[in-house]
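Undergrad: Residue numbers (our numbering): 3 to 240.
The beta-carbon is built from N, C-alpha and C at its ideal position, and this holds for glycine as well.
Set out below in structure tokens:
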């Protein structure tokens, strides 16, 4: 379990730094809490960098047409700076800006937002736009970002984003979803057959026991037993 948790944290850190998990693989040997603390420190430094500049940009926002601001965000700021910019303007102005962004870029911005700020902003946007944004992350296999994204949208949007996904995709997103309550709500809505696909994917990756512990803690004992019994029966007949 500790090994899997460490690898998950390394993948999150790699996503934050815009690098590959392989380049940071050496960190997985360290305690998961140490990796998480390192991630928190780096995230804080990245978010505090150029704070004055972000504040000045936010002050100019009311002077520019929203469509122009959106183009600047996409072509000059990038998702991380755009997320900080969205956090420095009013939620209503941020929502207007978000509606002008391409769904694929919006999903990247949402994944960089502070979770509470993301919920405030995304609640002002139509579900159809959010589903398109989330599917953009899915198509690019951005599982870490997608895990953050589904943690801050409502359950209907999360299910819409993951509709038609494979068991392995659901597994990856579930492992990277940081909000336990959001993950529990999604899992509660998935039929047994879908969860069995997830557990089969976990078994194929040799992380079955850890996946059960990480993904199913809120599942009722009766349902958990029903699911694990199916996996055991399939393993015995394969």
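Residue 17: buried (16+ other C-beta within 10 angstroms of its C-beta) or exposed?
TA: Mapped onto the chain shown, residue 17 falls at position 15. By the neighbour-count rule (16 or more Cβ atoms within 10 Å), residue 17 is buried.
Undergrad: Is it the case that the Cβ atoms of residue 177 and residue 10 are separated by a distance below 7 Å?
TA: As a first step, residue 177 is located in the chain shown; it is residue number 175 there, counting from the start. As a first step, residue 10 is located in the chain shown; it is residue number 8 there, counting from the start. Yes.
Undergrad: So, is residue 89 buried or exposed, given that buried needs 16 or more other C-beta atoms within 10 angstroms?
TA: If you number the chain shown from 1, residue 89 lands on position 87. Buried, by the Cβ-count rule.
Undergrad: Where do the N-terminal and C-terminal ends of the alpha helix (DSSP H) with residue 189 fall, by residue?
TA: By 1-based counting over the chain shown, the position of residue 189 is 187. Element bounds for residue 189: 182-191.
Undergrad: In chain order, which alpha helix (DSSP H) runs of at least 4 residues are fully inside the region 63-111?
TA: You should have 68-74, 80-90 and 93-100.
Undergrad: For residue 226, collect the residues of the same chain with a Cβ closer than 8 Å to its Cβ; drop the 5 residues on either side in sequence, then sort them by chain order.
TA: For the purposes of this step, residue 226 is taken as residue 224 along the chain shown, with counting starting at 1. Excluding sequence neighbours, residue 226 sits near 214 and 218.
Undergrad: Rounded C-beta distance between residue 164 and residue 172? I'm assuming under 8 Å.
TA: Taking the first residue of the chain shown as 1, we reach residue 164 at position 162. Taking the first residue of the chain shown as 1, we reach residue 172 at position 170. Sure, about 6 Å apart at Cβ, within 8 Å.
Undergrad: The alpha helix (DSSP H) spanning residue 46 covers which residue range?
TA: The count along the chain shown starts at 1 and reaches residue 46 at position 44. Segment 34-50, the alpha helix (DSSP H) holding residue 46.
Undergrad: Between residue 148 and residue 136, what straight-line distance do the alpha-carbon atoms span, to the nearest angstrom?
TA: Counting from 1 along the chain shown, the entry for residue 148 is found at position 146. Counting from 1 along the chain shown, the entry for residue 136 is found at position 134. Using only the alpha carbons, I get a separation of about 7 Å.
Undergrad: Could you tell me how far apart the beta carbons of residue 169 and residue 202 are, in whole angstroms, since I believe they sit closer than 8 Å?
TA: Within the chain shown, residue 169 is the residue found at index 167, counting from 1. Within the chain shown, residue 202 is the residue found at index 200, counting from 1. Contact flag correct, Cβ pair sits at about 6 Å.
Undergrad: Starting from the C-beta of residue 12, find all residues in its chain whose C-beta is less than 8 Å away, skip the five residues before and the five after it, and write them out in chain order.
TA: For the purposes of this step, residue 12 is identified with residue 10 of the chain shown, where counting begins at 1. The residues are 23, 26, 27, 29, 30 and 37.
Undergrad: Taking the beta carbon of residue 66 as the centre, do at least 16 other beta carbons fall within 10 Å, making it buried, or is it exposed?
TA: Position 64 of the chain shown, counted from the first residue, corresponds to residue 66. Result: exposed.
Undergrad: For residue 96, which option in 78, 105, 106 and 72 has the closest C-alpha, if you only look at C-alpha atoms?
TA: Taking the first residue of the chain shown as 1, we reach residue 96 at position 94. Residue 96 has its Cα closest to that of 72, out of 78, 105, 106 and 72.
Undergrad: Please tell me whether residue 124 and residue 155 are closer than 7 Å, where the distance is taken between their beta carbons.
TA: Working through the chain shown from its first residue, we reach residue 124 at position 122. Working through the chain shown from its first residue, we reach residue 155 at position 153. Yes, the pair counts as a contact, with Cβ atoms nearer than the cut-off.
Undergrad: Please classify residue 138 as buried or exposed, where buried requires at least 16 neighbouring CB atoms within 10 angstroms.
TA: By one-based count along the chain shown, residue 138 stands at place 136. Buried, since its Cβ has 16 or more Cβ neighbours within 10 Å.
Undergrad: For residue 93 and residue 140, which I take to be in contact (beta-carbon distance under 8 Å), what is that distance rounded to the nearest angstrom?
TA: Locating residue 93 in the chain shown gives position 91, where the first residue counts as 1. Locating residue 140 in the chain shown gives position 138, where the first residue counts as 1. So it is not a contact: roughly 26 Å between Cβ atoms.
Undergrad: What are the start and end residues of the alpha helix (DSSP H) that includes residue 234?
TA: Here residue 234 corresponds to residue number 232 of the chain shown, with the count starting at 1. 223-239 is the span of the alpha helix (DSSP H), which, as asked, contains residue 234.
Undergrad: Closest by CA to residue 160, which one among 133, 181 and 182?
TA: In the chain shown, counting from the first residue as 1, residue 160 sits at position 158. The candidate whose alpha carbon is nearest that of residue 160 is 133.
Undergrad: Sort 200, 190 and 112 by Cα distance to residue 233 and report the nearest one.
TA: Position 231 of the chain shown, counted from the first residue, corresponds to residue 233. Measuring from the Cα of residue 233, the nearest candidate turns out to be 200.
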